[in-house]
Structure formats: structure tokens, C-alpha cells
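So this note's numbering is basically just the index in the sequence shown, starting at one, shifted up by 6.
For each residue, glycine too, the CB sits at the ideal point set by N, CA and C.
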Amino acid sequence: MFLKNFNSVFCSIILVSIMSCGNDKKSQFELPSLFSDGMVLQRDTLVSIIGKYFPNQKIDISCSWGFDTTTFSDANGNWKIHLKTNSASKAQTMILSSENDIHKINDILLGEVWIAAGQSNMEMTFDYCCNSTDSSDSEIKYAYYPKIRMYNVKKTLSVKPLESTEGEWVSAIGNNISNFSAVGYFFAKKLHKDLDIPIGIIHASWGGSGLQSWTNKNVLKNFDGYTQKLKNIEQDSLKYKKTKQWYEGFENIQSGSGAWDLYLSSDILPDTIEYFNFIGPKWKKLDDLGRRDIVNHSQVSKYWNELDDENIVRHLMNNPNFSGALLFKNKFNIDSISSIEYNIIIGPNERMPFKLWEYDMYINGEKQGSSLIDIKDKEYRFIKQLQSYKINPKALKIGENSIFIRILGYASLGDIKIKTSNDELIPFLKDWRVKLLGEETSQINNYNYPYTAFYNYENIEVNYNDIPAKYFLNHNMPSILYNGMLHPLLNYTVKGIIWYQGENNVNDPAEYRAIFTQMVKDLRTSFGGQIPFYFAQIANYFNYGGKLSSFRQMQLDLLQIINTGMVVTLDIGENYDIHPSNKHDVGNRFALLALNRTYGLKIVDSGPVLNELGFDGKYVNLYFKNTGAGLKITDYGKPCFEIAGEDKKYFESDVNVYKNFLQLSSNYVQNPKFVRYAWSDTAKATLFNIEGLPASPFSSEYMEDINR
Numbered sequence: 007m008f009l010k011n012f013n014s015v016f017c018s019i020i021l022v023s024i025m026s027c028g029n030d031k032k033s034q035f036e037l038p039s040l041f042s043d044g045m046v047l048q049r050d051t052l053v054s055i056i057g058k059y060f061p062n063q064k065i066d067i068s069c070s071w072g073f074d075t076t077t078f079s080d081a082n083g084n085w086k087i088h089l090k091t092n093s094a095s096k097a098q099t100m101i102l103s104s105e106n107d108i109h110k111i112n113d114i115l116l117g118e119v120w121i122a123a124g125q126s127n128m129e130m131t132f133d134y135c136c137n138s139t140d141s142s143d144s145e146i147k148y149a150y151y152p153k154i155r156m157y158n159v160k161k162t163l164s165v166k167p168l169e170s171t172e173g174e175w176v177s178a179i180g181n182n183i184s185n186f187s188a189v190g191y192f193f194a195k196k197l198h199k200d201l202d203i204p205i206g207i208i209h210a211s212w213g214g215s216g217l218q219s220w221t222n223k224n225v226l227k228n229f230d231g232y233t234q235k236l237k238n239i240e241q242d243s244l245k246y247k248k249t250k251q252w253y254e255g256f257e258n259i260q261s262g263s264g265a266w267d268l269y270l271s272s273d274i275l276p277d278t279i280e281y282f283n284f285i286g287p288k289w290k291k292l293d294d295l296g297r298r299d300i301v302n303h304s305q306v307s308k309y310w311n312e313l314d315d316e317n318i319v320r321h322l323m324n325n326p327n328f329s330g331a332l333l334f335k336n337k338f339n340i341d342s343i344s345s346i347e348y349n350i351i352i353g354p355n356e357r358m359p360f361k362l363w364e365y366d367m368y369i370n371g372e373k374q375g376s377s378l379i380d381i382k383d384k385e386y387r388f389i390k391q392l393q394s395y396k397i398n399p400k401a402l403k404i405g406e407n408s409i410f411i412r413i414l415g416y417a418s419l420g421d422i423k424i425k426t427s428n429d430e431l432i433p434f435l436k437d438w439r440v441k442l443l444g445e446e447t448s449q450i451n452n453y454n455y456p457y458t459a460f461y462n463y464e465n466i467e468v469n470y471n472d473i474p475a476k477y478f479l480n481h482n483m484p485s486i487l488y489n490g491m492l493h494p495l496l497n498y499t500v501k502g503i504i505w506y507q508g509e510n511n512v513n514d515p516a517e518y519r520a521i522f523t524q525m526v527k528d529l530r531t532s533f534g535g536q537i538p539f540y541f542a543q544i545a546n547y548f549n550y551g552g553k554l555s556s557f558r559q560m561q562l563d564l565l566q567i568i569n570t571g572m573v574v575t576l577d578i579g580e581n582y583d584i585h586p587s588n589k590h591d592v593g594n595r596f597a598l599l600a601l602n603r604t605y606g607l608k609i610v611d612s613g614p615v616l617n618e619l620g621f622d623g624k625y626v627n628l629y630f631k632n633t634g635a636g637l638k639i640t641d642y643g644k645p646c647f648e649i650a651g652e653d654k655k656y657f658e659s660d661v662n663v664y665k666n667f668l669q670l671s672s673n674y675v676q677n678p679k680f681v682r683y684a685w686s687d688t689a690k691a692t693l694f695n696i697e698g699l700p701a702s703p704f705s706s707e708y709m710e711d712i713n714r
């Protein structure tokens, strides 16, 4: 007994000594960022830990919750272990040690770990894009949940599957939550409050991404066309490497927003949608481009080129689709400034394509007008027309004057003239010259919406012959996000997945259903077991071209996959914003699914789901499951139900409401055969259960398992 105790004490002394020495040198243990201070490990199970160390070395692992084990690194230095976890409530530690090295992980919580993934509606934070979740201020002010932690997976594009990702575990306290996925946060918050256990969310999403980007290439190879697409990406990976090396040599500035966002913010959306308030100010960061040349207009500077005959920079960067920042200059003479008014007339050229084209105009270094920077949102128009700007008389001088036009976007000067109030045309003294200030193209690192950047060229003489053939990876290429953002998570033990994605795949619901089914199966194989996979049905939006209803019907059909659940968002969408601000209901509804189906709390977790149809003469009886305490319709004026006969001509129906079924009829349909509900891109939710959860849109025309 004495010898056993002595050995235990001796080992403790040695361990403390190693730790003390470790303070003076960096540990040689390499672990993915997921396995770091503050991490949440899945409780009451076996969890995986992976890392790298020197080859063929013994590694001891000691866990403060009472589990120790030993492993060995292989010939390449890789190692992997499995640790048994429990439900210890306090923060824990883990110590990895070898003969001469030690690595300690602090502040570990044992709780429930979920992945939150998808595109922009999952990515949307408390300070996102042109809006944010509806309760941002109060949530940030009162957030104090040290046992809720989120790990944001850094946006990463990769041709090959990666083993690690960049990120860190952050506690849900105050301003820390600003960059949390709002849906993931509200999901975690409700689970934490109802279960009284730590919750870890691993968040991996990318706005505007398609399902194919998140899917393993081994899955996609089973679908037509993807084998060749994947092969092309691999073959072009060297081009991407050279392209990335080229752009890494230049300073870059994140651009304000893409052409589509500016188009929406002009005269497309209702006045109540102040989209421009977010987009406009972002462009001010680019207001310094070319400033030195504009202010020092009388001085000779370098890097100027002549324009072609049509005032379009066709050859620029060997790229006919070039978009960027350019500065055009010229001179003109005037004889009088006392009584004559001078105006700049500017507009796009006749063949202007539908793309970004913004301008700022300067006379003798002073701005005279702008199409984008410093204007009010109500004044902005994306589609440019011929516009007249009065020149400030104080900016003019008798004799020679300089004029600079800075263009953002399409590399064209456009149509520009100077006229007097007497309709006299003032000629320019010589041909226009142009200077390249920057290029707007894809980001190559630290991707942020809208995923474009201006690369600054204004003080560099670019040799066009040195420019490589440009090739970019993007977030909609097959498997590109699976490789960079999902594959690195497969060695981390999780309880389940919540998923909010689909907006980018609305045009092909059949392909989405097929790929989604196999993607879920593949991820479950990788994580082990039939882990829960809960997904959100995408919300209302005006610009789906009538295709949203069939896509949401397909999403409803995905519930046939075992151990899935669907959050319906029909009542909380915003017809003119693809990013609805209400994220607390989405997160809470995800939590209801988990609390009921994963944690067994026996609660109503979703809205009514059509279960059976019955036809009785001119009447249609609709029987539902998940009715909770009963059905209710919130808007009797227009309940959004339609029925049709064999001709499939639909008419609005009258609705009688009973506890678990509805009875529909219409004077225009004497022998109904089909029924549908909320069947449009912007339909309003009217059918709920008493618990307040909405029913999904549906059409019996597309439901194979519904009796007719």
C-alpha cells in the first residue's frame, strides 16, 4: 500500500514538474482548434480526440472528470483516442503528456453538442448584413450564459477534405454573442434553460451556398454531371493556387455589397425596407481610392493609360468581365464664371450591361456629385439614366480646369459632357486617360458577405502579361464547403444537427430531395448512428418566381427520412427580405423538436401536418396530426385554402374548423379532387394548432401517400 501511494505521489510530482517546465517552452502537441480551451464535449458517451505529435510516441491523457487513458502516435505523428465522458457539472481540464512535453486544455464543459449549419438564414448573427435579429439589443444586453458556447467555423473553401478548421469557443456573455448564429443561439438558450445543462453549438454556414457544396463528393458522384464537375475542380486547383498567389500580393478592401443588393435597394423593394442604410455606408471605405490623384490634380503622376475609341477599358486585366475601380481624367477651358452656369451631364453607354456602374465626379479636386457615396437612400437608382449635376462655381477657375470621373464597377467612362446654362457644349482639351485603382473580384481569405473585395492597384504599375489565368473557387462548387467546413467536424462527437438551407436550390426540388436524402445518410455514417437531423423549411420571399411552393412541399416530404423534424417558418417570413429578422422563433422551434424527439420531454413540437383526406360530395375533410389541443385559423377573411376538381382549376374555399380536422367547400367546385394550402411564394400562414405552431404549405396534388 505504501509503495502504491508513493508511486502515485511521485508521478504527481513529476507531472507538476513537467507542467512548470512547460511554461517556458511551447508544447509540441498539435490539436485542431475544436479541441481547445472552453470546448464543450458531448456528455455521457465516448468522444473522439485527434491530434499530431512526434512519431511513435507514447501519449498519456488525464481527464479531471475521472478518466485516464494512453495512446501512441503513428509513424506520421497522428493519434486518435476515445474518452468516456459523464455529466460532471463543473468546468473540467484535460492533460496530454509525453515523456518531455505536456499540453493542457482548460475550462471544458460536459454537455450537449449540436452542429448548426446552412446558408445565410443560419449564418445571420445579431449584427448581420442589412438587418439583424429582431431582439438584438436586449439579447446582447442581458446575455449571461457562461454554459452556452459557440464555435464559429471559419469560412473555408477546399478542393480536398481538411482535418481541422480555424475558430474558437466563445461563451454567450454580452457582446460575445454579436457574432453568434442567432438561430443557433436561441436554440441553445432554450435547451439550456429547459434541460439545465451546458450546450455547445458548432456553427458552420455560408450565405448563398447550395446543397451540393455541403455534400461529400462520394455522394455526388452518384448523380448525373457531378463526376465531371468534381474532376474539373481538381484539375484546375493549380490555377487556383496561382490566382491566389497573385491576389495575395495586393492590399484588399472588402466591398460594400454586390450589384444585386444595390439593385434591390433602389426602387424594387417597398419604402419600408431600408436596405440602403446598410449597403450605402459600406462604400465610403472606397472613397479614398484615387484621392491622391484627385487632390493633386495639377501634378503629373504615373500609371495612366489611353482609352480605346469607345471609352471602354476592354483589354483591362485580360478580363472582358472586369469590374473594379477606375479613375478617368481630362481638362477643359472656360472664359467666364460670373453669369454662366456649368453642368456635368453623365450617363451609361448605350451597351451598358446589367451590372454595377457607379460614379463620382470632381472638378479641380472638389466633388460635384455621386451616384452612390454620400447620397440618401431615397435618391439611389441602380439603373442609371442621363443625369445633370450643377458645378459649384467656386470650384471653377478662368482658363484650364481638371475633371476626374471615378467609376466603380463596369470599366466604362460612359457618356459625359459639360454644358452651360446656354446649352453650349464645352469641349475637352484632349483624349481621356484612365488609371486602374483596383479590381473587384472574389475574396481569397477571411470571406465576408458579399464575398467580394477591391484589390488596390493605384500605386502599382501592373504588367498585364504577368497576370495568370484567373480561377477562383466559390461557395457553390460541389463538395467545396463539405471539404473545408464539415469534414473537419467529423472527428468531433455531436448529439445532432440543425440545418437551415435551401434558398439556393429552389429551382430544382427533385435534385435537392435526392441529394439531401443521401447527404443526411452520409453524415450519419460519419458521425455514427442515426443522429437527429432537424431542418427549417425556407421562408416566404417575393422573388422565387412561383417555385417556392413545390420546393416547400418537397421539404415536407423529407420528413419521411427517419429521425428528422422540420421547422415551419410560414408565419415569420418577410415577403421582401430573404433574411427574416425573427430568428428567436426559428431557434425555439428547433429546440422544441429536440426537447421532444431527442430528450423525451413529451411536448407539442410542430404545427399541424396533413395526415388524411376524405371526399364527401362537395366537401373535403382534412385530418391532421400534431394538432395539440386543437386547430385554429387566424384569418377568416382569407384562410389560404383552395380546392379543385379533376381539371385542377383552383378556387378559394370556405373553411369550417373542428378539433382535429377541417371541412372545405366552394360553390365553384361541385366535385373536388384536390386541395392545397398557402400555395404561393408570399402566402400568409393561417392554420395553426392551439399551441401556436403553424402548418406547412401543402398540395394533395403532389402528396403520393394521401388518400383521394
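- Here DSSP, grouped into helix, strand and coil, assigns E240 to helix.
- For secondary structure counted as the beta strand (DSSP E) over 3 or more consecutive residues, the segment 152-210 holds these complete runs in sequence order: 175-179.
- Using a C-beta cut-off of 8 Å, the segment 486-504 makes contact with the segment 161-168, since at least three inter-stretch Cβ pairs fall below that distance.
- Scanning N673, S671, I87 for the CA closest to the CA of S79 turns up I87.
- For A650, DSSP records a beta bridge to F680.
- Judged by DSSP secondary structure, F284 falls within the alpha helix (DSSP H) whose first and last residues are 282-288.
- With contact defined as three or more Cβ pairs closer than 8 Å, the segment 120-132 and the segment 205-224 are in contact.
- Between L601 and L607, the gap from beta carbon to beta carbon is short of 8 Å.
- In the three-state reduction of the DSSP assignment, N462 falls in the strand class, which pools E and B.
- The C-alpha of R412 lies about 6 Å from the C-alpha of M367.
- With respect to P359, Y269 sits apart: the two C-beta atoms are not nearer than 8 Å.
- Sequence-distant partners of N283 (beyond 5 residues in either direction) whose C-beta falls short of 7 Å from its own C-beta, in its chain, are D383.
- Burial check for S342: the Cβ neighbour count within 10 Å stays below 16, so the residue is exposed.
- About 15 Å separates the beta carbons of L40 and T91, which is beyond the 8 Å limit, so they are not a contact pair.
- Residue state for H109 is assigned as strand, using DSSP reduced to three classes.
- Counting other Cβ atoms within 10 Å of its Cβ, P276 stays below 16 and is therefore classed as exposed.
- Taking C-beta separations shorter than 8 Å and ignoring five residues to either side along the sequence, the partners of S42 in its chain run I111, E174, W175, following chain order.
- Excluding residues up to 5 positions away in sequence, T171, G173, A210, M491 lie with their Cβ nearer than 6 Å to the Cβ of V159 in the same chain.
- Of all C-beta pairs linking the segment 217-233 to the segment 442-454, fewer than three are shorter than 8 Å, placing the two stretches out of contact.
- In the DSSP assignment, K441 falls within the beta strand (DSSP E) that extends over 439-448.
- Taking all protein chains shown into account, A597 has 16 or more neighbouring C-beta atoms within 10 Å of its C-beta and is therefore buried.
- As a beta-bridge residue in DSSP terms, Q393 pairs with I352.
- In this structure the segment 92-109 lies against the segment 59-66, because at least three pairs of beta carbons, one per stretch, are closer than 8 Å.
- Excluding sequence positions up to five before and after P538, its CB lies within less than 6 Å of the CB of G502, N569, T604, all in the same chain and listed in chain order.
- When C-alpha distances from P586 are compared across I521, K624, E509, the shortest belongs to E509.
- Here DSSP, grouped into helix, strand and coil, assigns N451 to coil.
- The continuous alpha helix (DSSP H) containing S144 extends over residues 142-148.
- When only Cα atoms are considered, F388 and L699 end up about 40 Å apart.
- Straight-line spacing of the CA atoms in P287 and I379 works out to 7 Å.
- The C-beta separation of K396 from N370 comes to about 15 Å, leaving the pair out of contact by the 8 Å criterion.
- Considered as a whole, the segment 529-604 harbours 539-542, 570-573 as its complete beta strand (DSSP E) runs of no fewer than 3 residues, in chain order.
- Inter-residue distance for P678 and L628 is about 13 Å (C-alpha atoms, whole angstroms).
- Under the three-state reduction of DSSP, S103 is assigned to strand.
- Annotation: D66 is outside any alpha helix (DSSP H); the continuous beta strand (DSSP E) that includes it extends over 64-69.
- I521 is positioned such that its CB atom lies no closer than 8 Å to that of L52.
- Put simply, the backbone Cα of A178 is about 23 Å away from that of D50.
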